[in-house]
Amino acid sequence: MKKSILFLFLCLTLAGCSNKNEIQSRETIREIIVVSVETVPKEIKQNEEILIQAKITQGKETVTDADDMKFEIWKDGVPSEEHEEIKGELNKEKGTYFVKKTFNEPGLYYVIAHVTARGMHNMPQVELEVPE
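In the UniProt record's numbering, the protein residues as written are 1 to 132.
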């Protein structure tokens with residue numbers, strides 16, 4: 001009988017502890033970082049420099065303190081070891097990270113914005129079409 005009561009007491013104690021930890025971990029969950037990528041100008045022309053920019057937000061806040069931000073750029077069909085990686089520069093006025101890029105050949109290109117910020121990682125991919 002004493003063993004049954006002791007066992008029941010231990011189970012209730014452990015259940016109470018796990019519930020407390022669960023509540024604490026829910027309180028520390030932060031909103032995820034969201035990354036949107038666009039080009040300026042929107043329409044890309046061959047042999048003309050454009051900006052590829054990424055806006056990073058967490059909730060309603062603009063993130064300008066990313067630990068790492070780089071753009072991976074490649075033309076369709078190019079093997080991964082030949083992808084170009086360029087570190088994004090911060091434009092504090094606009095709250096965006098950007099790179100300048102000129103596409104010399106027409107075709108379909110891919111851009112992945114690799115962002116590490118506030119203990120999270122996000123890497124959205126967009127397609128860019130460069131007409132002839």
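Note that the Cβ used here is the ideal one computed from N, Cα and C, for glycine as well.
Closest by C-alpha distance to residue i, when choosing among the options
i, options, result
"Ile112", "Glu31, Ser80 and Asp65", "Ser80"
"Pro124", "Thr62, Ile73, Arg118 and Asn47", "Ile73"
"Asn47", "Gly107, Ala117, Thr64 and Arg118", "Gly107"
"Phe71", "Arg30, Pro41, Arg118 and Ser36", "Ser36"
"Met120", "Asp67, Glu38 and Gly95", "Asp67"
"Gly88", "Tyr109, Glu82 and Ile56", "Ile56"
Euclidean distance between Cα positions of residue i and residue j
i, j, result
"Asn122", "His114", "6 Å"
"Glu84", "Glu105", "15 Å"
"Ile32", "Pro131", "35 Å"
"Phe103", "Leu128", "10 Å"
"Lys60", "Asp76", "35 Å"
"Glu93", "Val40", "16 Å"
Contact check, residue i vs residue j, beta carbons under 8 Å
i, j, result
"Gln118", "Val34", "For the record, residue 118 in the displayed sequence is Arg; it is not Gln. In this structure, Val34 does not lie closer than 8 Å to Arg118 by Cβ."
**Prompt:** Does the stretch 52-64 touch the stretch 88-99, meaning 3 or more C-beta pairs lie closer than 8 Å?
**Reply:** yes
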